[in-house]
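Enquirer: Here it is, the structure in full.
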Amino acid sequence: MLLGKPCRKCHPGRCVLILVLGLLCDAVGLVLLLLGIFATLNYWDFLVYTGALFLAFSLLFWVSWYTFNIEVPLEKLDL
Numbered sequence: 001m002l003l004g005k006p007c008r009k010c011h012p013g014r015c016v017l018i019l020v021l022g023l024l025c026d027a028v029g030l031v032l033l034l035l036g037i038f039a040t041l042n043y044w045d046f047l048v049y050t051g052a053l054f055l056a057f058s059l060l061f062w063v064s065w066y067t068f069n070i071e072v073p074l075e076k077l078d079l
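Using full-length UniProt numbering, you'd call the opening residue of the sequence shown number 1 and step up by one each time.
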């Protein structure tokens, strides 16, 4: 739903695998980061750093997904 109208053209794009990998890295990174911050464990620093790395890798997936879904009409290309 976009601005009160039902969105009929919403789709994940052409690169669904990259989207799923980005979402998975976000979820795993957030869980590890929060577990490292709030749990009383002896290896909390490993969890915090690993969670931050997963979140950083998810940014690569998000940029790739966005880049591969850019559509340019053939008329705008100078071929």
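Don't be surprised by glycine CBs; every beta carbon is placed ideally from N, CA and C. As the structure is a prediction and not an experimental result, all values here were calculated from the model.
Rounding to the nearest angstrom, what Cα-Cα distance links isoleucine 70 and glycine 22 in this structure?
Expert: Position 70 of the sequence shown, counted from the start, is the residue given in the question as residue 70. Position 22 of the sequence shown, counted from the start, is the residue given in the question as residue 22. For isoleucine 70 and glycine 22, the distance between alpha carbons rounds to 17 Å.
Enquirer: To the nearest whole angstrom, what separates the beta carbons of leucine 30 and glycine 51, a pair I think is in contact under 8 Å?
Expert: Counted from its first residue, the sequence shown places residue 30 at position 30. Counted from its first residue, the sequence shown places residue 51 at position 51. With 8 Å as the limit, leucine 30 and glycine 51 qualify as a contact, their Cβ atoms being about 7 Å apart.
Enquirer: Just how far apart, CA to CA, sit threonine 40 and leucine 17?
Expert: Residue mapping note: residue 40 aligns to position 40 of the sequence shown, counting from 1. Residue mapping note: residue 17 aligns to position 17 of the sequence shown, counting from 1. When rounded, the distance between both Cα atoms is 35 Å.
Enquirer: May I have the straight-line CA-CA distance separating arginine 14 from asparagine 42, to the nearest angstrom?
Expert: In the sequence shown, the residue the question calls residue 14 occupies position 14. In the sequence shown, the residue the question calls residue 42 occupies position 42. About 43 Å.
Enquirer: Does the beta carbon of proline 12 come closer than 8 Å to any beta carbon on chain B?
Expert: Considering every chain present, this structure includes no chain B. It has just one protein chain.
Enquirer: Can you give the Cα-Cα distance for leucine 35 and proline 12, rounded to whole angstroms?
Expert: Sequence index remark: in the sequence shown, residue 35 carries index 35 (1-based). Sequence index remark: in the sequence shown, residue 12 carries index 12 (1-based). When rounded, the distance between both Cα atoms is 30 Å.
Enquirer: Is it buried or exposed, phenylalanine 61, if we count other Cβ atoms within 10 angstroms and call 16 or more buried?
Expert: On the sequence shown, position 61 is the one that residue 61 refers to. Phenylalanine 61 should be labelled buried.
Enquirer: Using a Cβ-Cβ cut-off of 6 Å (strictly less than) and excluding sequence neighbours within five positions of aspartate 26, which residues of its own chain qualify?
Expert: Start at 1 with the first residue of the sequence shown, and residue 26 comes out as number 26. Result list for aspartate 26: Ser58, in chain order.
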